[in-house]
Every structure is written in structure tokens, then in C-alpha cells.
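Report on one structure; see the data block that follows.
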Amino acid sequence: MAEIAAGAVVAEQVVSTGIEAGAAVAVARPTQPLKVSLSQVATTQSPAFDTSALARSHHSVTVVNHKACIFGGETAEGELASTDFHVLSLPAMTKGEPVAAYACYPAFAMQDAETGKTYVPSPRSRHAAAARGQFVIVNGGADASGKPIDETCLWLWDSESLKWTKIQGASQIGKTITPRFDHHIFVEQTQDFLVLHGGRTAPGQEASTETWMYNFDTLAWTALPPSPQPPLAAAFVDNVLYTVGADSNMSGAIHYMDLKSNAEDREKPDALQWKTINFPTNPLTPGPRPREGGALVPVDTGLGRHYLVYMFGTNSTSAEKDFYTDIWALQLPTHGFSAAAVKDAIRDKLPRVDSGEFSWAEVELIPTEEVKTEGKAHPGPRGYFGADAADGKSLVFWGGVSALGKEGDGWLLQVQATLDHASSIYINSMHLSQINTIQALQYDEPTTKDSPFSITMGAIFSRQPRNRQPRKITTENATKDVHSDIVFTYLSDSGQTDLSKVEWEAILYIKTKDLKQVLQKGLIISEDNVQPQSGCITFKKCPGILRINDWVHTRRYILSGKSCGGWTAHLAVGAREIGPLAKFRMADLIGHADMGEAINEELQLVYCYDAQLGVSVFTWSTDEGSEPWWPMLVTILPRKTEVLASGDDVKGNAAGIGEPVTASGGKTKKG
275 MAEIAAGAVV AEQVVSTGIE AGAAVAVARP TQPLKVSLSQ VATTQSPAFD
325 TSALARSHHS VTVVNHKACI FGGETAEGEL ASTDFHVLSL PAMTKGEPVA
375 AYACYPAFAM QDAETGKTYV PSPRSRHAAA ARGQFVIVNG GADASGKPID
425 ETCLWLWDSE SLKWTKIQGA SQIGKTITPR FDHHIFVEQT QDFLVLHGGR
475 TAPGQEASTE TWMYNFDTLA WTALPPSPQP PLAAAFVDNV LYTVGADSNM
525 SGAIHYMDLK SNAEDREKPD ALQWKTINFP TNPLTPGPRP REGGALVPVD
575 TGLGRHYLVY MFGTNSTSAE KDFYTDIWAL QLPTHGFSAA AVKDAIRDKL
625 PRVDSGEFSW AEVELIPTEE VKTEGKAHPG PRGYFGADAA DGKSLVFWGG
675 VSALGKEGDG WLLQVQATLD HASSIYINSM HLSQINTIQA LQYDEPTTKD
725 SPFSITMGAI FSRQPRNRQP RKITTENATK DVHSDIVFTY LSDSGQTDLS
775 KVEWEAILYI KTKDLKQVLQ KGLIISEDNV QPQSGCITFK KCPGILRIND
825 WVHTRRYILS GKSCGGWTAH LAVGAREIGP LAKFRMADLI GHADMGEAIN
875 EELQLVYCYD AQLGVSVFTW STDEGSEPWW PMLVTILPRK TEVLASGDDV
925 KGNAAGIGEP VTASGGKTKK G
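Position one of the sequence shown corresponds to residue 275 (our numbering), numbered consecutively onward.
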């Protein structure tokens with residue numbers, strides 16, 4: 275609650291204290307469409323193994339320890355697959371670890387010491403599976419006749435010992451969980467419970483709306499409120515169960531139920547309730563058409579922004595059983611005090627701008643280098659495939675059925691590493707790491723200049739930063755962000771929105787003694803400002819704002835200057851390889867500014883620059899007769915460049931490129 279309150283304070287202040295112009299520019303970028311890439315994990319021509327044995331549908335794919343575990347399903351011959359586990363290492367996740375690309379593990383049974391019985395599941399399709407630590411949990415499914423297997427137990431496959439175990443569960447008094455197939459199960463790792471939803475208890479039957487919870491401590495099933503309509507797909511994110519339903523070909527609905535973060539909250543009266551968001555699916559409004567055999571998988575951008583990817587499937591109402599090729603993303607509500615949550619709170623308060631939560635958009639496919647060389651850019655139409663989240667920013671799917679029969683290829687869908695600069699830099703500039711106290715404030719509670727919740731009163735953000743700027747970079751402080759009034763980011767390719775194609779990203783933190791003078795005259799920085807023996811390259815160490823974007827190594831500089839009353843700065847350059855850092859020079863920043871912001875002593879946003887929007891915005895009024903630095907607050911120059919008239923305003927262009935000129939228009943003198 276405190277985190278939500280803090281987000282409300284920031285949002286209220288951005289809109290109500292006269293800094294909405296800069297905030298509007300900073301948060302105006304839409305959160306949809308989601309940019310993703312598709313790459314093949316394995317194809318029917320893969321030399322490593324024969325994927326024809328893995329051509330199947332109605333199976334499960336479960337990711338455990340960076341490996342996709344494929345189980346069960348129906349083979350290309352229309353028979354039930356064996357109980358072997360097929361395990362593929364995910365190349366984008368192993369990062370060079372010495373792991374096998376593919377392995378097949380036969381079913382090793384566990385023998386009960388008391389009864390002598392051996393435990394191994396029977397072959398099945400249309401079952402449900404989920405990960406719990408090192409285990410793959412399998413539940414239910416259909417036998418060769420298409421009827422539900424007569425069991426309600428949970429099968430656990432240990433991915434380390436390669437053995438099966440079975441656990442039973444008693445049902446809540448007065449209620450009985452029945453065998454089923456075509457259902458969904460999810461494991462909440464922190465609270466250690468399992469959620470089961472939907473499924474069919476007989477062939478040809480409509481999907482059930484039942485919801486059950488299995489407690490691993492009590493080994494018992496408890497019935498939860500049923501969903502408003504049968505699910506076409508389901509997902510579980512941050513303790514919330516989401517399902518997709520459809521009333522007709524022209525409309526659909528998102529149903530969701532918050533299962534709370536603890537048992538005490540769940541046990542309160544009416545705590546567990548379903549809520550519904552309806553959406554149209556006609557040509558005038560974007561939205562996925564109703565489908566069966568698709569997948570609903572959660573992904574995120576790493577900044578608190580979560581999406582549900584809804585992909586492929588078949589039109590069950592058509593006589594031809596058409597298969598879909600489209601991929602959609604549903605933006606989920608943000609929670610807590612993440613960069614995305616603050617941005618959404620601000621957007622909701624700005625006129626004609628909304629946060630975009632529960633909005634659908636078809637994803638934007640970004641070609642990858644693999645696609646350019648191998649030729650296949652899309653897996654094609656299919657349904658009834660196995661899929662699971664590979665990590666926060668990617669998902670893996672395998673097989674399925676199409677008009678051509680059973681498919682035997684695997685694919686990785688990855689969210690492109692685009693940074694939500696507007697929100698992350700804004701929050702970084704506000705020094706969120708130095709929050710001391712957060713006071714309660716609801717979204718609908720007014721905030722005035724005299725309010726104790728005002729940011730200008732220091733009720734939220736401490737004026738005494740914990741991480742002061744060090745004089746030298748060491749292994750101990752290399753991972754820390756530093757206190758600053760001005761933050762600029764630079765990209766090796768400033769026009770590139772896909773960070774996977776960017777060699778490096780640089781963050782420039784500047785602490786000034788007179789921000790007002792900097793806003794009037796601007797700062798000129800070159801390699802001459804670098805302090806001798808103050809920087810270094812740190813291996814596998816990055817400050818927090820660079821770690822968000824998965825950079826691995828960092829080159830750090832400490833700079834200082836006497837202009838505008840004096841200033842100090844830290845430059846952190848992140849890269850995935852050492853090579854780009856070894857050849858990096860300060861002059862490489864010229865023309866590569868991507869975002870910039872400045873925060874005054876009252877913790878108000880007073881300057882914002884966005885290269886993609888091509889604008890700079892000042893919300894601070896300069897003295898009469900003076901002229902602010904426009905449009906760049908900070909200009910990077912080549913080494914040994916002197917400004918001809920000391921103290922004159924120096925003009926630069928929007929990208930900080932080219933020779934600086936004096937206020938009278940004369941060029942600078944180069945040393």
C-alpha cells in the first residue's frame with residue numbers, strides 16, 4: 275500500500291505542481307505495440323537431433339533451470355507419445371554454459387518402500403504442467419480413447435534425479451475435484467501453492483469454470499470461486515489468475531481474480547472475486563478473435579511492465595478449422611513503485627492520455643540476424659502446441675498441429691530490450707534509492723502546495739543521498755548509481771529502439787553547484803574533463819540502471835569542471851562484450867544523446883530531452899533577458915576544444931552535433 279501511495283504522490287505532483295509539460299513529454303510514448311522477435315530453437319533440419327520424433331500436439335512445454343522440458347501429447351501417427359522427457363537447452367538463456375543441446379530421459383519409476391509399488395505416469399495428452407523449483411508437475415490428461423485419465427494426483431518429475439514421484443490430495447469437505455483434461459495449472463513459488471482452472475471432465479463437454487487451489491503444506495485441494503465463463507486460455511501473474519473468454523466472434527472478455535499475497539488476506543470475507551474487462555474483436559477495434567488451442571503466456575520488459583502474449587490457435591467455429599498466425603499482447607496493470615507504475619499513474623492523470631492497461635495490440639515483429647540468414651521468419655499457423663515463459667522477457671513454444679499435420683520445430687519469442695527511458699530515468703533522477711519515508715495518500719486525495727505530501731516539502735524523497743559521488747571507481751562502488759541533478763543517456767545507435775542491436779549504452783550523471791546557471795548556459799564536456807586515473811573497466815559489474823537492460827561489463831569515468839559554479843560527473847558505459855568498451859572514447863557520445871532530464875533542489879522535473887520525439891522542454895522560467903540553453907543542456911565536444919568567449923551562451927543543435935558557436939555566431943577556436 276505504501277508503494278502505491280508513493281506512486282500516487284509522484285503522479286499528483288507531476289500534474290499539479292507546474293511541471294506537467296516535461297512530464298507529458300517524458301511519458302507520452304505509447305506502451306503498445308510490444309516489439310518482439312522470433313527465432314528458431316530447432317527445425318526439422320537440425321543436425322543436433324532428429325526433431326521428427328518430437329513432432330506432436332496437445333503436449334506440454336515446461337521451463338526448468340533454463341531448459342524446455344517436453345512431455346506427452348499426440349504424435350504425428352495419431353498415437354499417444356511415450357512418457358519420456360525431451361529436454362532442450364535454451365541457447366539465449368544458457369549464456370555459454372556447457373550444457374547439452376538436447377537429451378531424452380526415459381521414465382524412471384520411484385518404488386514405494388512400504389507397498390513395493392512403482393510410480394510412473396501413464397502416457398497422456400491434453401494434460402496440464404507447471405514448474406515447481408527443479409520439478410515438473412503433471413496433472414490430468416486424456417488417454418488413447420480421449421477420455422480423462424481416472425486420477426486426480428500430481429505427478430512430479432525431478433529434473434536432477436530424473437525420477438518420478440506422486441502426491442495425492444484430499445478434497446475440501448463436501449466438494450470433490452474430478453479427473454479432467456484441457457485444463458491449466460500454475461504454481462505460486464513464493465507461497466508454494468498450485469492453482470488449477472478449467473478443463474473438461476468428459477469428451478465433447480464444454481470447458482469447466484471451476485478453480486481449485488492445492489496447498490503443498492496440507493496436501494489438500496480447496497475450491498475457489500468459479501470463473502464467469504469457460505476459459506479459452508489462462509495465465510497466472512503476480513498472484514492474479516487471468517482467463518480469456520468469448521461471447522461471440524465480435525467480442526471477448528478478460529476475467530481475473532487476485533489470489534492475494536498471503537493466506538490471511540485470502541481468508542477474509544469476499545476477498546476472492548472475479549472481475550471482468552470486455553473487449554470488442556471487430557475490424558474497427560484491435561483485439562484477438564476467439565480461438566482454441568492458442569497460448570496465453572506472461573512476459574515483461576524488466577521495468578515492472580507486464581504483458582500477456584496471446585498467440586496462434588484455431589477458429590473452432592469454422593468448418594475448415596482455420597489456424598491463426600497472429601500474436602497479440604495484452605498490457606496488464608502495474609503494481610508497486612516500479613518505473614512503469616509511476617509512468618502509468620502519471621499518464622492516467624494527464625488529459626487525453628491513459629495508461630493503456632488491459633489494452634490489446636498486435637505485436638510488432640522485429641527481424642533477427644538469424645532470420646535474415648536462414649530465411650524463415652515466422653513459424654506459421656498452428657494450434658495445440660506447448661508453450662511456457664522462458665524467462666521474464668521471452669517464451670518458448672514447440673510443435674502443434676497445422677493444416678499440414680503435426681509440427682516438429684521449436685521457437686523462442688523474445689521481447690526486444692527497449693528501455694522505457696521516460697519513466698526509468700525520471701525515477702532515477704528522483705533518487706528512489708534514497709527514499710526514507712512514504713506517507714499514505716490515495717489517488718483521489720487532493721494535494722496542495724501546503725500539503726505534507728508535497729514532494730517540494732521533502733515528505734517522500736530524502737535530500738541526503740546515500741550514494742555520494744566517489745572520487746575513484748572501485749570494485750566496491752562499481753555497481754552503485756550516484757547522486758545527480760542531471761541525467762543523460764546515450765546509445766551507440768541513437769535511432770535504434772532494439773537494445774539487442776546496440777553495442778553500448780552510456781549514462782552520464784552530473785551533480786552541479788548551480789543548476790539554474792546550467793539551465794541558462796549549458797555544460798560543455800570533453801575528455802579534458804576526465805580525472806586522471808579515476809576510471810576503469812569493471813568485468814560483470816554494472817550500476818543498477820544499466821543492469822536493467824542486461825548489460826554485462828562497464829567502463830566508468832569521473833569528470834569535473836569549473837564552469838557554472840563547478841560540477842562533477844560520472845559516466846558509466848555498459849556493453850555485453852569488452853571490445854566496445856576498450857575502444858570507447860568520450861567523443862563517441864557526440865550525436866548519440868537519447869534522453870535527458872534535470873531535477874531541481876525541490877525535486878521537480880525542470881528539463882526533459884527526448885531524441886526520439888525530437889524535443890526539449892523547459893518548465894523553469896529563466897530570468898528576464900536571459901536565454902536558456904536550447905535544445906541540449908549538455909554538449910559533448912572533441913578533446914582540446916576551447917570556447918572563445920568564456921561565459922557566453924553556446925548553441926548546439928538537437929543532436930549535439932557539429933561545431934559550437936558563440937552567442938554572437940562566431941565559431942570556437944580549436945586548440
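Positions of the beta carbon are idealized from the N, C-alpha and C atoms, including for glycine.
Going along the chain, which residues of its own chain have a beta-carbon closer than 7 Å to the beta-carbon of residue i, five neighbours each way excluded?
{"i": "Lys-542", "result": "none"}
{"i": "Ala-481", "result": "Asp-456, Gly-472, Gly-473, Arg-474, Pro-504 and Pro-505"}
{"i": "Ser-445", "result": "Ile-451 and Trp-495"}
{"i": "Trp-634", "result": "Phe-553, Pro-560, Gly-561, Pro-562, Trp-602 and Leu-604"}
{"i": "Thr-647", "result": "For Thr-647, the predicted structure reports a pLDDT of 40, less than 50, and the residue's modelled location is therefore unreliable. A value from the coordinates is still provided. The answer is none, since no qualifying residue turns up."}
{"i": "Val-949", "result": "Outside the shown range of the chain, which is 275 to 945, sits residue 949, and nothing can be said about it."}
{"i": "Phe-510", "result": "Phe-460 and Val-469"}
Could you pull the start and end residues of the alpha helix (DSSP H) that residue i belongs to?
{"i": "Gly-853", "result": "852 to 856"}
{"i": "Leu-789", "result": "789 to 795"}
Kindly indicate which residue of the options has the alpha-carbon position closest to the one of residue i.
{"i": "Ala-827", "options": "Phe-858, Ala-404, Tyr-581 and His-360", "result": "The question names Ala, but residue 827 is His in the sequence shown. Of the candidates Phe-858, Ala-404, Tyr-581 and His-360, the one whose C-alpha sits nearest the C-alpha of His-827 is Phe-858."}
{"i": "Glu-425", "options": "Pro-504, Ala-846, Phe-409 and Arg-398", "result": "Arg-398"}
{"i": "Gly-414", "options": "Gly-346, Ala-377 and Thr-392", "result": "Gly-346"}
{"i": "Ala-418", "options": "Met-585, Phe-671, Glu-388 and His-401", "result": "His-401"}
{"i": "Leu-773", "options": "Thr-305, Ser-311, Gln-306 and Pro-307", "result": "Ser-311"}
{"i": "Ile-258", "options": "Leu-428, Asp-802, Ser-396 and Asp-767", "result": "This structure gives no information on residue 258, because the portion of the chain shown stretches from 275 to 945."}
{"i": "Ala-316", "options": "Gln-805, Ser-331, Ala-342 and His-333", "result": "Ala-342"}
{"i": "Glu-353", "options": "Ala-509, Trp-548, Lys-680 and Ala-545", "result": "Lys-680"}
{"i": "Asn-803", "options": "Leu-493, Ser-837 and Ala-377", "result": "Ser-837"}
{"i": "Tyr-379", "options": "Thr-389, Thr-599, Pro-912 and Ser-356", "result": "Ser-356"}
{"i": "Phe-359", "options": "Pro-395, His-866 and Thr-389", "result": "Pro-395"}
Which of the three DSSP states, helix, strand or coil, is assigned to residue i?
{"i": "Pro-946", "result": "A query on residue 946 cannot be resolved here, the shown segment of the chain reaching from 275 to 945 and no further."}
{"i": "Arg-859", "result": "coil"}
{"i": "Arg-966", "result": "Because the chain here runs from 275 to 945, residue 966 falls outside it and cannot be looked at."}
{"i": "Gly-839", "result": "helix"}
{"i": "Asp-884", "result": "strand"}
{"i": "Thr-711", "result": "With a pLDDT of only 25 at Thr-711, under the threshold of 50, the placement of this residue in the model should not be trusted; the figure read from the coordinates follows. Looking at Thr-711 - three-state DSSP - the assignment turns out to be coil, as it is neither helix nor strand."}
{"i": "Gln-314", "result": "strand"}
{"i": "Glu-801", "result": "helix"}
{"i": "Ser-522", "result": "strand"}
{"i": "Ser-668", "result": "strand"}
{"i": "Lys-309", "result": "strand"}
{"i": "Ser-834", "result": "strand"}
{"i": "Leu-606", "result": "coil"}
{"i": "Ser-774", "result": "helix"}
{"i": "Pro-806", "result": "coil"}
{"i": "Glu-871", "result": "strand"}
{"i": "Ile-864", "result": "coil"}
{"i": "Ala-355", "result": "coil"}
{"i": "Val-826", "result": "coil"}
{"i": "Asn-489", "result": "strand"}
{"i": "Phe-632", "result": "coil"}
{"i": "Glu-779", "result": "strand"}
{"i": "Arg-474", "result": "strand"}
{"i": "Asp-512", "result": "coil"}
Kindly indicate the opening and closing residues of the beta strand (DSSP E) around residue i.
{"i": "Gln-503", "result": "No beta strand (DSSP E) holds Gln-503; DSSP gives it neither H nor E."}
{"i": "Ile-640", "result": "Note, Ile-640: premise wrong, no beta strand (DSSP E); not H, not E."}
{"i": "Thr-550", "result": "548 to 554"}
{"i": "Thr-909", "result": "908 to 910"}
{"i": "Tyr-379", "result": "376 to 379"}
{"i": "Tyr-658", "result": "Neither: Tyr-658 is in no beta strand (DSSP E) and is coded neither H nor E."}
{"i": "Pro-562", "result": "It is not in any beta strand (DSSP E) - Pro-562 carries neither H nor E in the DSSP assignment."}
{"i": "Thr-496", "result": "494 to 498"}
{"i": "Ala-569", "result": "569 to 574"}
Spatial neighbours of residue i within its chain, please: CB distance less than 6 Å, with the 5 preceding and 5 following residues excluded, ordered by chain position.
{"i": "Val-583", "result": "Val-571, Val-573 and Ala-603"}
{"i": "Arg-406", "result": "Val-461"}
{"i": "His-332", "result": "Gly-347, Glu-348, Ser-399, Arg-400 and Tyr-658"}
{"i": "Gly-684", "result": "Val-315, Ala-316 and Trp-672"}
{"i": "Tyr-831", "result": "Val-804, Gly-809 and Leu-845"}
What does a CB cutoff of less than 8 Å around residue i pick up in its chain, not counting 5 residues either side in sequence?
{"i": "Thr-852", "result": "According to the sequence provided, residue 852 is Ile. The question's Thr does not apply to it. Excluding sequence neighbours, Ile-852 sits near Ile-811, Phe-813 and His-827."}
{"i": "Phe-409", "result": "Val-338, Leu-430, Trp-431, Asp-432 and Ser-433"}
{"i": "Leu-855", "result": "Trp-778, Ile-811, His-827, Thr-828, Arg-829, Val-847 and Ala-849"}
{"i": "Phe-632", "result": "Ile-528, Ile-551, Phe-553, Leu-604, Gln-605, Leu-606 and Pro-607"}
Does at least one heavy atom of the ligand HEM sit under 6 Å from the Cβ of residue i?
{"i": "Glu-434", "result": "Ligands displayed in this structure: none; no statement on the ligand HEM is therefore possible."}
**Report entry** Inside the segment 383 to 471 only - beta strand (DSSP E) runs reaching at least 3 residues
**Finding:** 402 to 406, 409 to 413, 428 to 432, 438 to 441 and 455 to 462
**Report entry** alpha helix (DSSP H) runs contained entirely in the segment 321 to 353, provided each spans 4 or more residues
**Finding:** none
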